[in-house]
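K.L.:
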Amino acid sequence: MPTPLPRKPRARPATAAPPDVAPKKAPTQPRAVETYERILAMAAELLGEVGIEQLSTNLICRRLAITPPALYQYFPNKYAILHELGQRLMQRQNELLEPWATPATMALPEARYAKSVAKLFLETLRLTEQMPAGVWVTRALRAVPSLKDVRIRSHDAVTDLLLQAFMAAHPNVDPARARVSIRLAIDAQYAALELLFDDPSQSPEAVAEVMAEMVAGELARLRRKY
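Following this line, the structure appears as structure tokens:
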């Protein structure tokens, strides 16, 4: 009986390189700045109309009555545009958070802290809904792999901000454990936002209350432990 020939290993499919999301150049002249901002504004408008998959640079150009080379001066593809929109959204959300993230806030009793978290969450919800395509940009930051760095960098920066305030109020807590708890609390708040965007039948106030009580309870347990 002939010896069977060894099977050749199957070739693995080539992994596509992630799209370039870095803007090509920052505009400096007033007219160039205007074109840059018009591209972003139209992309946000179209994102709300057609969604992430159907959005394209050609569609943006047609709506703005500009040539593709005029757009490609600033953005190599639609993902670079979404990247910039995502950075702007996260920056606005973080600006809302900064005056709240103080040692005095972190020292509040559990019930008062929970109410404070819920209030901040509802303010963040309103801001996101009011920003052009804020809901869709939030979805894109979660759904598009090439945009995850925007979300991760922003969440890491917020974690550092909150951790500093928390440790100033509770210096005996283990910083490593506090960082994990705060990082998970941030993700819980964004998961609550996405829940409301995906299921409008949910009550924003109820979602805010439950999420805030979960976050406050975890940090209160951490404070008691140390």
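Each residue of the sequence shown is one higher than the last, beginning at 145 in our numbering.
Glycine is no exception: its CB is placed at the ideal position from the N, C-alpha and C atoms.
All of these numbers come straight from a predicted model, not from anything done at the bench.
1) Please name the residue, chosen from Ser-325, Gln-308, Pro-289 and Ala-360, that lies closest to Ala-224 on a Cα-to-Cα basis.
2) Starting from Arg-280, trace the alpha helix (DSSP H) both ways and give me its first and last residue.
3) Closer than 8 Å is the cut-off here; do at least three beta carbon pairs connect the stretch 264-272 with the stretch 235-251?
4) Do the stretch 327-339 and the stretch 350-365 meet, that is, are 3 or more Cβ pairs less than 8 Å apart?
5) For Met-250 versus Phe-341, is the C-beta distance shorter than 8 Å?
6) Out of curiosity, what's the CA-to-CA distance linking Leu-226 and Ala-187?
7) Run through DSSP, which three-state label would Gln-217 get?
8) Can you tell which of Leu-252, Val-177 and Leu-208 has its C-alpha closest to the C-alpha of His-314?
9) So Leu-229 and Leu-184 are supposed to be a Cβ contact under 8 Å. How far apart are they, rounded?
10) Ignore the nearest five residues each way along the sequence and tell me which others in Phe-265's own chain have a CB closer than 7 Å to its CB.
11) Have a look at Gln-217, Tyr-218 and Val-194 and flag the residue whose alpha-carbon is nearest the alpha-carbon of Arg-375.
12) Can the beta-carbon of Tyr-257 be found less than 8 Å from the beta-carbon of Asn-316?
13) Report all residues from its chain with a CB closer than 6 Å to the CB of Val-165; omit the five preceding and five following residues, and keep chain order.
P.N.:
Quick look at the numbers:
1) Pro-289
2) It should be noted that the sequence gives Trp, not Arg, for residue 280. Trp-280 -> alpha helix (DSSP H) spans 278-287.
3) yes
4) yes
5) no
6) 8 Å
7) coil
8) Leu-252
9) 6 Å
10) Gln-333, Ala-336, Ala-352, Met-355 and Ala-356
11) What is shown of the chain runs 145 to 370, which leaves residue 375 out entirely.
12) no
13) Tyr-223, Ala-224, His-227 and Ser-290
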